[in-house]
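Residues in the sequence shown are numbered from 1 upward in steps of one, following UniProt numbering. Glycine residues also receive a C-beta, built at the ideal position from the N, C-alpha and C atoms. Each remark here refers to the structure printed beneath this line.
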Amino acid sequence: MPFGTTLHSHGIQQQGTPWSDGVPGLSQTLIPSGGSFTYKWTATHYGTYWYHGHSKGQLMDGFYGPIYIRPAPGVATPFGLISSDSGQKAAMKKAFNNPNMMMITDWSHFTSQEIRDISVSANIDPFCMDSILINGKGSVNCQDVAFLQTLIPPPLVPLLNGLPYSDKGCMPLESPVGQTNTTHSLELVPSSMWNNCTATKSPNEVIQADPRTGWVNLNWISSSSVDELTVSIDGHSMWVYAVDGLFIKPQPVQAMTFPHGSRYSTLIKLDQAPGDYTIRVASSGLNQKVSGFGTLSYDNGHRKPINVKPFIDYGGVNTTASVIFFNAALASPFISSPPAQTADVTHFLALNRVADAWVWSLNGSSFGPPLELRKPLLFDPTSAIPNLSILSNNGTWIDLIMVLGGLQPSHPIHKHSNKGYLIGQGVGQFNYSSVVEAMKEIPQFFNLVDPPLVDTYYTPPTLGAGSWQIIRYQVVNPGAFFLHCHINPHLEGGMGIALMDGIDKWPKIPREYALNPKIVIEP
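Right, dumping it as structure tokens:
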């Protein structure tokens, strides 16, 4: 590579190996061009994960790939909750052992550095992409501009004051809904970044499925940089049986909306007429309406397109009221292990912009790219910046209360190291000092019995009303880890904070990492 980089194994706990987490400025320095770095870690959990570059916007440029860890023999599976029939359970287990990795992402014809430079010079939030890809395959799909206006979410229409979506399906660049009321230099934004959709024709991904096996296993990974993605397969329901790697109590669904970075594992019953069925991946957020496509092909020697009413439209909205979407708030672990009923320490995080349209924060200050060049916090924990770090003792239970105000999109917040419980979320103001106080007034918004145990958390959109969500986790892995938004321009804009876990039990750095001669620590 012609520039420095690091590699983060997304979702991997890094228990006892914080020096392999791959975050410049926290766990290591940048690997220089022509250099090398050996990542070593123990697979403590089964499931679907992925790796990606963690320097600047390298994820946007295609630096990513899947990781799959098979369960150890004897690990209980949840397939008996889908069917009690022994034949069906055996067929599901066979499909489970043959996963199809489905990496879904957005793609821009601009490089990440070009996007960054334009964002800073023009003072914009860059949220317009060119296409949606499945396993790196797909085309630029262009639609009639009048049709794209019909996909604008109704709550957004009055806020746009008559401004139309662009021919790429993007929220108008001129609207303060997406760009705030600060001063911009929109003349510095190339027209082709928001407009001038030019269709291409390239092969789509095709998943071959043998109907004689009864089931097919699709493990979805959202490596999207900007767009929220919603997935469905024409004519087929899906059973979601794992989230962020771990088994859950299965949910039957026809569509799923992904936080950036999350992983959903699904089983699909092959009980339809043989033929080709369209896989739909739609950008369903407020920022853009565009779709990518693939094919689920019954492998019987015939390629016959099957036309059935899709579950979602081009903008990711359900086509009928009966369509069932995956409910992430109900993704209870298959093997229940509830969190502590109270936290030892509570931290409030105010998610918002800081002054400019492209500058973001998790706690009032921006954790921007220049901090990548600092001496890693793992090597020098006393240099942690107060507003950009949370210090904790090993063994304690932490509540992270995230509050949002104003007009903001949903933020996919990713936690490095061990997973945390999503114990509550809601729309409106959070007017409480703690979870204990809030549960006395609004207990229906909380789950301390079997909450989702995940590493990516999707904040509710605000649309001016505000929103909140709460993560509870136990400090069990001392080291310097990252909590950040996984929308890449927001991450580059500083939307992150360091979790200095187990500061009282700080790990000793192995010699091969502390003194690696190929790694140069910047002053």
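Quick check: what's the CA-CA separation for residue i versus residue j?
i, j, result
"Ser467", "Ala343", "21 Å"
"Gly80", "Arg263", "22 Å"
"Thr462", "Gly428", "8 Å"
"His484", "His490", "9 Å"
"Cys170", "Pro478", "43 Å"
"Gly62", "Leu377", "27 Å"
"His184", "Leu407", "18 Å"
"Trp19", "Ser166", "44 Å"
"His416", "Ala72", "23 Å"
"Phe325", "Ser297", "23 Å"
"His109", "Asn141", "14 Å"
"Gly4", "Ile487", "21 Å"
"Met500", "Gly493", "21 Å"
"Val120", "Tyr457", "27 Å"
"Ala355", "Gly424", "29 Å"
"Leu515", "Thr38", "Bear in mind that the predicted position of Leu515 carries a pLDDT of just 47, short of 50, making it too unreliable to give a figure here."
"Pro153", "Ala76", "42 Å"
"Lys419", "Asn394", "15 Å"
"Ile470", "Asp399", "7 Å"
"Ala329", "Gly53", "29 Å"
"Thr295", "Thr266", "16 Å"
"Leu188", "Asn352", "25 Å"
"Phe293", "Pro381", "46 Å"
"Leu362", "Ser55", "18 Å"
"Phe334", "Lys89", "16 Å"
"Thr396", "Leu404", "26 Å"
"Gln410", "Trp194", "Residue identity differs from the one stated: residue 410 is Ser in this sequence, not Gln. Spanning the two alpha carbons is a distance of roughly 21 Å."
"Tyr513", "Pro32", "15 Å"
"Thr213", "Ala91", "6 Å"
"Thr29", "Val23", "8 Å"
"Asp271", "Ser112", "43 Å"
"Ala465", "Ala350", "14 Å"
Is residue i buried or exposed, if buried means 16 or more other CB atoms sit within 10 Å of its CB?
i, result
"Lys40", "exposed"
"Lys375", "exposed"
"Asn287", "buried"
"Arg70", "exposed"
"Met103", "buried"
"Pro452", "buried"
"Gln13", "buried"
"Phe147", "exposed"
"Asn387", "exposed"
"Glu522", "Note that Glu522 has pLDDT 40, beneath the 50 cutoff, so the model's placement of it is unreliable and the number below is only indicative. That one is exposed."
"Lys505", "exposed"
"Met60", "buried"
"Ile401", "buried"
"Leu7", "buried"
"Met1", "exposed"
"Lys309", "exposed"
"Ala357", "buried"
Hey, out of the options, whose CA is closest to residue i's CA?
i, options, result
"Gly315", "His52, Ser283, Arg303, Val323", "Ser283"
"Val216", "Lys415, Val240, Pro2", "Val240"
"Lys203", "Ala255, Thr266, Asn135, Trp194", "Checking the sequence, you will find Pro at residue 203 rather than Lys. Nearest of Ala255, Thr266, Asn135, Trp194 to Pro203, Cα basis: Asn135."
"Pro510", "Gly4, Gln469, Val308, Phe379", "Phe379"
"Phe311", "Ser33, Gln254, His8, Pro507", "Gln254"
"Thr42", "Thr150, Gly34, Gly16, Ser27", "Gly16"
"Phe430", "Ile118, Pro2, Leu448, Pro460", "Pro460"
"Tyr421", "Leu391, Ile390, Ser332", "Ser332"
"Met101", "Thr295, Glu512, Thr382, Ile221", "Ile221"
"Pro305", "Val475, Thr150, Gly235, Val226", "Gly235"
"Ser27", "Lys309, Phe446, Leu404, Ala384", "Ala384"
"Gly74", "Asp210, Gly275, Tyr46", "Tyr46"
"Pro507", "Phe481, Ser365, Lys168, Val359", "Phe481"
"Pro99", "Ser112, Tyr68, Pro338", "Tyr68"
"Gly138", "Phe446, Val281, Phe445", "Val281"
"Thr44", "Gly11, Gly35, Gly57, Gly34", "Gly11"
"Asp274", "Ser191, Gly25, Pro211", "At residue 274 the sequence reads Pro, which differs from the Asp that was named. Ranking the options by Cα distance to Pro274, first place goes to Pro211."
Give a single yes or no on whether residue i has its beta carbon closer than 7 Å to a heavy atom of the ligand FAD.
i, result
"Asp167", "In terms of ligand content, the structure shown is empty, and the ligand FAD therefore cannot be addressed."
Shorter than 8 Å from the beta carbon of residue i to some beta carbon of chain C?
i, result
"Lys94", "Protein chain content of the structure displayed is limited to a single chain, and chain C is not contained in it."
Quiz item: Is there contact here, the segment 128-136 with the segment 244-262, by at least three beta-carbon pairs under 8 Å?
Solution: no
Quiz prompt | beta strand (DSSP E) segments (min. 3 residues) lying fully within the segment 208-292 | solution = List check, beta strand (DSSP E) in window: 215-222, 229-233, 238-243, 246-253, 256-258, 263-269, 276-283.
Quiz prompt | Length-filtered (4 minimum) alpha helix (DSSP H) runs lying within the segment 120-156 | solution = 145-149
Quiz item: When the Cβ atoms of the segment 227-240 are set against those of the segment 441-451, are three or more pairs found closer than 8 Å?
Solution: no
Quiz prompt | Contiguous alpha helix (DSSP H) assignments of at least 4 residues, all confined to the segment 163-188 | solution = 176-179
Quiz item: Quick check: the segment 78-97 against the segment 147-167, are there 3 or more CB pairs under 8 Å?
Solution: no
Quiz item: Between the segment 334-353 and the segment 255-262, do at least 3 Cβ pairs fall closer than 8 Å?
Solution: No: the two stretches stay apart, fewer than three of their Cβ pairs being nearer than 8 Å.
Quiz prompt | Given 8 Å, three or more beta-carbon pairs between the segment 175-189 and the segment 111-125 | solution = yes
Exercise. Note down, one range per segment and in chain order, each beta strand (DSSP E) of at least 3 residues found wholly within the segment 54-122.
Key: Taking 3 residues as the shortest admissible run, the segment 54-122 contains the following complete beta strand (DSSP E) segments, listed from N- to C-terminal end: 64-69, 100-107.
Quiz item: Which ranges does the beta strand (DSSP E) cover as unbroken runs of at least 3 residues, wholly within the segment 432-486, from first to last along the chain?
Solution: Listed in chain order, the complete beta strand (DSSP E) runs (minimum 3 residues) inside the segment 432-486 are 456-458, 467-474, 479-485.
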